[in-house]
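There are 2 protein chains.
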Amino acid sequence: MKLLKEKIIKEGRVTGEEILKVDSFLNHQIDPLLLNEIGKEFQKRFSNVKVTKILTIEASGIAIAAIAGLHFNVPVVFAKKVASKNLDKETYKTQVYSFTKGKTYDIQVSKRYLNSEDYILILDDFLANGRASIGLIELVKQANATLAGVGIVIEKGFQEGGEILRNNNVNLQSLTVVNKFKNGEITFKN
Amino acid sequence: MKLLKEKIIKEGRVTGEEILKVDSFLNHQIDPLLLNEIGKEFQKRFSNVKVTKILTIEASGIAIAAIAGLHFNVPVVFAKKVASKNLDKETYKTQVYSFTKGKTYDIQVSKRYLNSEDYILILDDFLANGRASIGLIELVKQANATLAGVGIVIEKGFQEGGEILRNNNVNLQSLTVVNKFKNGEITFKN
Numbered sequence: 001m002k003l004l005k006e007k008i009i010k011e012g013r014v015t016g017e018e019i020l021k022v023d024s025f026l027n028h029q030i031d032p033l034l035l036n037e038i039g040k041e042f043q044k045r046f047s048n049v050k051v052t053k054i055l056t057i058e059a060s061g062i063a064i065a066a067i068a069g070l071h072f073n074v075p076v077v078f079a080k081k082v083a084s085k086n087l088d089k090e091t092y093k094t095q096v097y098s099f100t101k102g103k104t105y106d107i108q109v110s111k112r113y114l115n116s117e118d119y120i121l122i123l124d125d126f127l128a129n130g131r132a133s134i135g136l137i138e139l140v141k142q143a144n145a146t147l148a149g150v151g152i153v154i155e156k157g158f159q160e161g162g163e164i165l166r167n168n169n170v171n172l173q174s175l176t177v178v179n180k181f182k183n184g185e186i187t188f189k190n
Numbered sequence: 191m192k193l194l195k196e197k198i199i200k201e202g203r204v205t206g207e208e209i210l211k212v213d214s215f216l217n218h219q220i221d222p223l224l225l226n227e228i229g230k231e232f233q234k235r236f237s238n239v240k241v242t243k244i245l246t247i248e249a250s251g252i253a254i255a256a257i258a259g260l261h262f263n264v265p266v267v268f269a270k271k272v273a274s275k276n277l278d279k280e281t282y283k284t285q286v287y288s289f290t291k292g293k294t295y296d297i298q299v300s301k302r303y304l305n306s307e308d309y310i311l312i313l314d315d316f317l318a319n320g321r322a323s324i325g326l327i328e329l330v331k332q333a334n335a336t337l338a339g340v341g342i343v344i345e346k347g348f349q350e351g352g353e354i355l356r357n358n359n360v361n362l363q364s365l366t367v368v369n370k371f372k373n374g375e376i377t378f379k380n
């Protein structure tokens, strides 16, 4: 996706060989028009599969999934990381380890909003070690729903998440795949 | 906003006199098409003021703000509640007490994404006691930015947040204002 690659090159900030910050347009400040193009692109890439619902995880997946939802014309559900008094007691639940936050946390979705008739498309901003995606896939399994695929804005091609999902026959569509950063430079696979 | 009121009546779940759950379309599962109409309505209501940026708070404000951002054609920033390794060290920061979570937490925005030239529109799903909005207004002040207004999807007319903001001459636009729930019934002010 050319527009996205240009934005990453222009505004992405690299630290060391592995950290890419894109918080000027993707996960702290958001560029809604870019996200609209990203939503369209996901819709194009998953146009050959049935999708009845989009699933993501708070917080940085929400904007991407919500705007993509406009193009798929389906409800969007975001898994919650923090227990809230307002969350239903009956939830699908699993644990995810976050390297960014340095801890394990529960992720939960109310049983009202995932069910066995659903065809679920998982969307997220980054795919690195794959823990968040694997956790969301686990929630899809608990609900006996069908996994339609996983759509990722930026895959870190040098970490294992992409390989794990592809080896498990997940229909993974990454809009960009970045290589390890040498001398602060951002390059893409293919 | 008629469509929104109908949705609240149809899908809102009331507990006691004060709790309204709208997690089937607003803050756990999201109805993107409704949020699109909400975004348009905010744009209409704030069309007479200058807005250069939308500010909200994770997690449930993000979808609303992101889709509204498409209609305002401005960047959207969401304040973060949890410290992350990926957040800049230089932030605007304040504390907010959450009645829903039962605790006080820091909210932060990187100094990169709010500045003195900005005209900030704050958007959020609920206005109850006003703590989150007041916290976001404090971040706007720290940045020496101008507050363009506050847009709320559902104001609880029986809690003090709305009064506090109006008494402080904030340009507050609530798309709906609900009364205290008697016998589980949802009614609106005006």
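Listed in order, the protein sequences are those of chains A and B. Residues in the first sequence are numbered from 1 upward in steps of one, following the numbering used here. Residues in the second sequence are numbered from 191 upward in steps of one, following the numbering used here. Backbone N, C-alpha and C define an ideal beta-carbon position, used for all residues, glycine too.
How far does the alpha helix (DSSP H) with residue i in it extend, from its first residue to its last?
i: G352(B); result: G351 to N357
i: S323(B); result: R321 to Q332
i: L260(B); result: I252 to F262
Check residue i in the structure and name its three-state DSSP category.
i: E196(B); result: helix
i: G339(B); result: strand
i: A269(B); result: strand
i: F42(A); result: helix
i: I57(A); result: strand
i: K283(B); result: strand
i: L224(B); result: helix
i: E18(A); result: coil
i: L26(A); result: coil
i: K372(B); result: strand
i: G307(B); result: With the sequence shown as reference, residue 307(B) is identified as Glu, and Gly is not the correct amino acid for it. Of the three classes helix, strand and coil, the one that applies to E307(B) here is coil, per DSSP.
i: K50(A); result: coil
i: K189(A); result: coil
i: K291(B); result: coil
Pick out whichever of the options has its Cα sitting closest to the Cα of residue i.
i: K81(A); options: H71(A), K103(A) and V74(A); result: K103(A)
i: E11(A); options: Q173(A), S24(A), E18(A) and L175(A); result: S24(A)
i: N334(B); options: G347(B), Y282(B), F316(B) and F289(B); result: Y282(B)
i: A59(A); options: F188(A), I8(A), V51(A) and A79(A); result: A79(A)
i: D88(A); options: N115(A), V96(A) and Q108(A); result: Q108(A)
i: F99(A); options: D106(A), N115(A), D124(A) and A128(A); result: A128(A)
i: E227(B); options: L311(B), I324(B), M191(B) and T377(B); result: M191(B)
i: N54(A); options: G149(A), V177(A) and N179(A); result: The sequence given here places Ile at residue 54(A); Asn does not occur at that position. Comparing Cα positions, the closest option is G149(A).
i: K240(B); options: I324(B), E307(B) and I199(B); result: E307(B)
i: E90(A); options: L70(A), K111(A) and F72(A); result: K111(A)
i: Y119(A); options: I152(A), I8(A) and V74(A); result: V74(A)
i: G113(A); options: Q142(A), S174(A) and V178(A); result: First, the residue type needs correcting, since residue 113(A) is Tyr and not Gly in the sequence shown. Ranking Q142(A), S174(A) and V178(A) by Cα distance to Y113(A) puts Q142(A) first.
i: I64(A); options: G162(A), L136(A) and F42(A); result: F42(A)
i: V96(A); options: S133(A), H71(A) and E185(A); result: S133(A)
i: L216(B); options: N190(A), G130(A), F126(A) and A66(A); result: A66(A)
i: D125(A); options: R131(A), G135(A), E155(A) and G162(A); result: E155(A)
i: E328(B); options: N380(B), K379(B) and I312(B); result: I312(B)
i: L194(B); options: F371(B), P222(B) and I209(B); result: P222(B)
i: N380(B); options: T366(B), K372(B) and K370(B); result: T366(B)
Find the residues of chain C that neighbour residue i, judging by a C-beta separation of less than 9 Å, and give them in chain order.
i: K230(B); result: Annotation note: the requested chain C is absent from the structure, which comprises protein chains A and B.
Taking only beta-carbon atoms, is residue i less than 9 Å away from chain A?
i: R321(B); result: no
i: S237(B); result: no
i: K270(B); result: yes
i: V267(B); result: yes
i: I376(B); result: no
i: Y282(B); result: no
i: I342(B); result: no
Step through the CB atoms of chain B and report whether any lies within less than 9 Å of the CB of residue i.
i: E58(A); result: yes
i: I67(A); result: yes
i: L70(A); result: yes
i: K156(A); result: no
i: K21(A); result: yes
i: R166(A); result: no
i: V74(A); result: yes
i: V109(A); result: yes
i: N86(A); result: yes
Q.
What are the residues in the stretch 116 to 149 of chain A lying within 9 Å of chain B by C-beta distance?
A. none
Q: Compile a chain-ordered list of the residues in the stretch 214 to 230 of chain B whose CB is closer than 9 Å to at least one CB of chain A.
A: S214, F215, N217, H218, Q219, I220, D221, P222, L223, L225 and N226
Q | Members of the stretch 362 to 374 of chain B that neighbour chain A once the beta carbon cut-off is set at 7 Å | A | none
Q. In chain order, what residues of the stretch 4 to 17 of chain A put their CB closer than 9 Å to some CB of chain B?
A. none
Q: Please name the residues in the stretch 284 to 296 of chain B whose beta-carbon is closer than 8 Å to at least one beta-carbon of chain A, in chain order.
A: T290, K291 and G292
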